[in-house]
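Number of protein chains: 2
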Amino acid sequence: MASLTVPAPPCLKRPLHVPHRHMFGPGPSNTPDRILQAGAKPVIGHMHPETFEIMNDIKSGIQYMFQTQNKVTFAVSGTGHTAMECAIFNAVEPGESVLSTVNGIWGERAADVFERIGATVNTIVAPPGGFFSLDEIEQALSKYRPALLFVTHGESSTGVLHPLDGLGPLCHKYDCLLLVDSVAAMGGAPLHMDKQGKIDILYTGSQKVLNVPPGSAPISFSERACQKIFNRKTKPVSFFLDLSWLANYWGCDDKPARVYHHTGPVTAFYSLREGLAMLAEEGLENSWKRHESVAEYFHAELESMGLKPFVKEKKARLPTVTTIVAPHGYDWKEITTYIMKTHNLEISGGLGPSVGLVLRVGLMGCNSTKANVDLVLTALKDALKHCHKSKV
Amino acid sequence: MASLTVPAPPCLKRPLHVPHRHMFGPGPSNTPDRILQAGAKPVIGHMHPETFEIMNDIKSGIQYMFQTQNKVTFAVSGTGHTAMECAIFNAVEPGESVLSTVNGIWGERAADVFERIGATVNTIVAPPGGFFSLDEIEQALSKYRPALLFVTHGESSTGVLHPLDGLGPLCHKYDCLLLVDSVAAMGGAPLHMDKQGKIDILYTGSQKVLNVPPGSAPISFSERACQKIFNRKTKPVSFFLDLSWLANYWGCDDKPARVYHHTGPVTAFYSLREGLAMLAEEGLENSWKRHESVAEYFHAELESMGLKPFVKEKKARLPTVTTIVAPHGYDWKEITTYIMKTHNLEISGGLGPSVGLVLRVGLMGCNSTKANVDLVLTALKDALKHCHKSKV
Chain A
1 MASLTVPAPP CLKRPLHVPH RHMFGPGPSN TPDRILQAGA KPVIGHMHPE TFEIMNDIKS
61 GIQYMFQTQN KVTFAVSGTG HTAMECAIFN AVEPGESVLS TVNGIWGERA ADVFERIGAT
121 VNTIVAPPGG FFSLDEIEQA LSKYRPALLF VTHGESSTGV LHPLDGLGPL CHKYDCLLLV
181 DSVAAMGGAP LHMDKQGKID ILYTGSQKVL NVPPGSAPIS FSERACQKIF NRKTKPVSFF
241 LDLSWLANYW GCDDKPARVY HHTGPVTAFY SLREGLAMLA EEGLENSWKR HESVAEYFHA
301 ELESMGLKPF VKEKKARLPT VTTIVAPHGY DWKEITTYIM KTHNLEISGG LGPSVGLVLR
361 VGLMGCNSTK ANVDLVLTAL KDALKHCHKS KV
Chain B
1 MASLTVPAPP CLKRPLHVPH RHMFGPGPSN TPDRILQAGA KPVIGHMHPE TFEIMNDIKS
61 GIQYMFQTQN KVTFAVSGTG HTAMECAIFN AVEPGESVLS TVNGIWGERA ADVFERIGAT
121 VNTIVAPPGG FFSLDEIEQA LSKYRPALLF VTHGESSTGV LHPLDGLGPL CHKYDCLLLV
181 DSVAAMGGAP LHMDKQGKID ILYTGSQKVL NVPPGSAPIS FSERACQKIF NRKTKPVSFF
241 LDLSWLANYW GCDDKPARVY HHTGPVTAFY SLREGLAMLA EEGLENSWKR HESVAEYFHA
301 ELESMGLKPF VKEKKARLPT VTTIVAPHGY DWKEITTYIM KTHNLEISGG LGPSVGLVLR
361 VGLMGCNSTK ANVDLVLTAL KDALKHCHKS KV
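As they're listed, the protein sequences go chains A and B. Residue numbering for the first sequence follows the UniProt record's numbering, beginning at 1 and increasing consecutively. Residue numbering for the second sequence follows the UniProt record's numbering, beginning at 1 and increasing consecutively.
Dropping the structure here:
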C-alpha cells in the first residue's frame, strides 16, 4: 500500500470554536437552544418509520405556516436556493416562456436559473425599493404569455414586501403558474397560499423566521402545478430535485410505499420540526402581529433619530428585514464593522442592486422583540457617533 | 386580514422523540456525541470570518482524507446525490459523450443524471457483485471516446470495492476525465486521489465513515477537471451547484474576496469539521487498517456460521459495507424486521439490482469494531433461529 503524501492538517487539532453573536442581519437568524438540541438528537435512518412520522409532522407544520391544504408539501434537503431550483427545474421545460419580476436580487437569480435550463426569459424591472402593480404585471403577462410568473414576496435585498392579493387570479386568467419566493417573509408577514388566489408554488427557508439552522427549505405545490409537472414531456434536469421522486419520499403521492430516493438530512428535519412546533405554539397570526408591531416600533424610532426607511410606502415594508437609507457621509462598511466589533451584533449592508444604498437589519422569529430593536438602536447611535463622517 | 383556514396541527404538540439505535445498515451510520454537540453550537453567519476559518479547516481535512493537493476541494451543501450532480452538472456539457460503469445502483443513477442534462450516455454493465477489468474499460473507452468516465469506488448496493489502480492513466490516454464516487468507501478503504493516476473528480458523503449527520458532501476537482469546467461553452444547469461560484465561496479561486452565493449550512459544517478532526486524530491509515481487519473478522465469522459473502473475490469486498448472500429459504425482509425489533439494530436488504439477493451490513467509522461485529452475529443467529424457514 502506498504511503500518505498529504499529512494530517494541524489546524484540525484546535478545538472548534464558535462565538455567540446577535444575528440581526438578513439571515441566518439566531437559533434557540431548544431547536439546536433537537438537531443534536441521534441519527436514525432516512427510511425508518420514526423519520417518516417526523416528516409527516413537518408536512402538517408547513401546511399550517403556508395556509394550504396542498398534498404535495414538504421540505427540500437544502437551503432556499435549492428550493428555488426545485421549483424552477420541475415547473418549467426548455423552450417555455417565463416572466421574472425583478425588484432586487431574487428576481435576478430566478432569471439566471430559468436561462440555465433553456427557458425563454422575460423580465420586468423595478428600481430597488419598488414593486409592481397588478396593472404592470397584467401588461407583461399579456405581452409575453409566460407559462410561469416569478414574484419575490419578501425581497430581503431591498426590504420590500410585495403585495400578493390578486396575483393568483390574474395569473390563472393568463393560464400561467404563480411561483412565489417567500424565504425572507414567511411566518413574519400574512400569507394565505390557498386563499390568495391561489399561489401555485411557494417556498421558504429554515433560517429566517423559523430560527432553524440553514439546511432545509419548506415548499408546496398546488394541484394545478402538479398537473403540469407530472405531465412533462422531458425529465427535470435534476434527479435529486425531481418532484415525482421527492413527493413519493415525503408520502405525498398515492403510491403504497415510499421508495429510497436520497439520504434525507434527518437531524435537519429534527430541528425543522422543532421550529415549526414553536411557530404553532405561538400561533401564526400572533407571529404576524408581533413582527408587524416590532417593525412599526423600529421604523418610528429610526425616523426619530433621523434615519430614513429605504422603502417609502409603509405597507410595502418587510416586517422581517428593514432597509435603512445608508446614512449620508458615512461609509456603510465602517458602520457594520464597528457594530460587529463593538456590540457583537450583525447588521449588514446592501446586496445586489442595493449595495451602497442601504443598511439591512433583520429581526426574525425569536429575534423580533422591542428589546432587540433597542439593542440595534443603541448600536446604530454609537456607530454614528464613532464612525468617520466626511464633511461633504 | 383574512382569518386562518388551516389550524395548527395537533401532532406538533407532541415532543420530538428519537430513539437510540444501532445504525449498521449501509448508512447513515451512528454519530458520536462529540459530533452531534459540535453541530449544536450557535448559528453564525455564512460569510463571517469564523465560518470561513471553519471552511478552510474542512478543506484541509478533505485534502487529507482524499490524499490530494487540489486547490478546488470543498463540501457541497447537500448529501451524496447533490455531490454527484455537482460533479456531473459542471463537468459535462449537453451533447458530450460519457461512459458510466454500472455494477450496482450508483452507475445507474449517474447514467440517469447524465441523460437529464442531455449528454450522450453509454454504459457497460456487470452483474451485481461484479466489477470491471482495465481491459474491459479500455475497450469501452476506445469504442465510445467519452469525455468522462464514471466509476463507483464503493458500490454499497452490492458490496463491491472497485479497483482504481491504473484507471487514471488509462482515462488520460483517451483524453477522458475520471469521476469517482466514493461515498461508501472513503476513509474506510485506501484511496490516493493524486497518486492514483490521478482521479479528476472525487466525492463522498458525510454520513458513512465520517459518522457525521447527512447533509454535507466532500468533493474535489483536479486542475485538469477545472480546466475543462472553467472553459465551458454553456453554463451548468444549476446556479446552486455552479463550480465557479462554489469555488469562490470556499476560497478556492484567486479572487481577492468571497462573494455571497448561497447560505451555507453552518451547523452542518461544524459537525463535518469535527468528523474530519476525529479522522485526522486516528490517522487515515489506521482507519483503513481498522476497517480492513474488522471486515476480515466479520467475513470469517459469517462463513463459520454458514453464511456466504456475496462478493466472491476477497480483494473486491468493501470493508465498510458487507453484502451477505440472502439466507436460503428465508424471507430477507422478515430477518431485517426481526433484528430491528428484537435487537434495536439496523441491517438492510438489497438496493436496486441486489434486491432480494443480499443482506447488507454497514460497519463504518466508529461503528467498525469487533464488538459490533459480535452484536451483528448474535442478532443474525437469533434471527435465523426465530424467523420462518420454508421447507424448500
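Positions of the beta carbon are idealized from the N, C-alpha and C atoms, including for glycine.
Is residue i helix, strand or coil by DSSP?
i         : result
Gly349(A) : strand
Met18(B)  : At residue 18(B) the sequence reads Val, which differs from the Met that was named. Val18(B): coil per DSSP, three-state reduction.
Met23(B)  : strand
Asn286(B) : helix
Tyr260(A) : coil
Pro169(B) : helix
Ala189(B) : strand
Ile219(B) : strand
Ala119(A) : coil
Leu241(B) : coil
Tyr297(A) : helix
Pro49(A)  : helix
Thr31(B)  : coil
Tyr174(B) : coil
Asp57(A)  : helix
Ile324(B) : strand
Ala76(B)  : Note on identity: in this sequence residue 76(B) is Val, with Ala being the wrong assignment. DSSP places Val76(B) in strand when its eight states are reduced to three.
Leu36(A)  : helix
Using the Cα positions of residue i and residue j, report the straight-line distance between them to the nearest angstrom.
i         : j         : result
Leu167(B) : Met55(A)  : 42 angstroms
Lys341(B) : Ile335(B) : 10 angstroms
Ser368(A) : Ser222(B) : 46 angstroms
Leu7(A)   : Thr323(B) : Leu is not the amino acid found at residue 7(A); the sequence shown has Pro there. For Pro7(A) and Thr323(B), the distance between alpha carbons rounds to 33 angstroms.
Gly80(B)  : Leu36(A)  : 24 angstroms
Leu4(A)   : Trp106(B) : 28 angstroms
Ser29(A)  : Ala40(A)  : 19 angstroms
Ala75(A)  : Val266(A) : 11 angstroms
Glu47(B)  : Gly251(B) : Reading the sequence as shown, one finds Met at residue 47(B) and not Glu. For Met47(B) and Gly251(B), the distance between alpha carbons rounds to 11 angstroms.
Ile88(A)  : Lys333(B) : 38 angstroms
Lys71(B)  : Gln207(B) : 24 angstroms
Ala119(A) : Val237(B) : 11 angstroms
Lys385(A) : Ala257(B) : 29 angstroms
Tyr270(A) : Ala38(A)  : 6 angstroms
Glu285(B) : Tyr338(A) : 47 angstroms
Asp57(B)  : His261(B) : 20 angstroms
Val212(A) : Ile137(B) : 47 angstroms
Glu313(A) : Gln196(A) : 22 angstroms
Leu272(B) : Pro15(A)  : 13 angstroms
Leu276(B) : Val209(B) : 10 angstroms
Could you check whether residue j and residue i sit closer than 9 angstroms to each other, using their CB atoms as the reference points?
i              : j         : result
residue 434(A) : Leu202(A) : Because residue 434(A) is not part of the residues shown, which for chain A are 1 to 392, the question remains open.
Gly25(B)       : Val361(B) : yes
Met350(B)      : Thr263(A) : The amino acid occupying residue 350(B) in the given sequence is Gly; Met does not appear at that position. Cβ atoms of Gly350(B) and Thr263(A): not closer than 9 angstroms.
Leu149(A)      : Leu161(A) : no
Ile124(A)      : Leu99(A)  : yes
His291(A)      : Thr320(A) : yes
Val43(A)       : Pro214(B) : yes
Pro327(A)      : Pro127(A) : no
Leu380(A)      : Met278(A) : no
Asn372(B)      : His20(B)  : no
Phe131(B)      : Glu155(B) : yes
Gly188(B)      : Met364(B) : yes
Which same chain residues end up closer than 6 angstroms to residue i when comparing Cβ atoms and leaving out the 5 residues on each side of it in sequence?
i         : result
Thr73(A)  : Lys59, Ile62, Gln63 and Ser220
Gly129(B) : Thr158, Phe310 and Val311
Ser293(A) : none
Val325(A) : Lys308 and Phe310
Ala383(A) : Ile335, Tyr338 and Ile339
Glu96(A)  : Ala119 and Ala147
Arg165(A) : One detail in the question is off: residue 165(A) reads as Asp in this sequence, not Arg. Cβ within range, chain order: n/a, list empty.
Leu179(A) : Ala87, Leu148, Phe150 and Ile201
Asp181(A) : Trp106 and Thr152
Leaving out the 5 sequence neighbours to the left and right, which residues in its chain are closer than 7 angstroms to residue i when beta-carbon positions are compared?
i         : result
Lys198(A) : Gly168 and Ser222
His192(A) : Gln67
For residue i, decide whether its Cβ has a neighbour in chain E, counting only Cβ atoms nearer than 9 angstroms.
i        : result
Lys13(A) : Absence of chain E from the displayed structure is noted, the protein chains being A and B.
For the stretch 367-385 of chain A against the stretch 247-263 of chain A, are there 3 or more C-beta pairs whose distance is under 8 angstroms?
-> no
At a cut of 8 angstroms, does the stretch 34-52 of chain B reach the stretch 87-105 of chain A through at least three beta carbon pairs?
-> no
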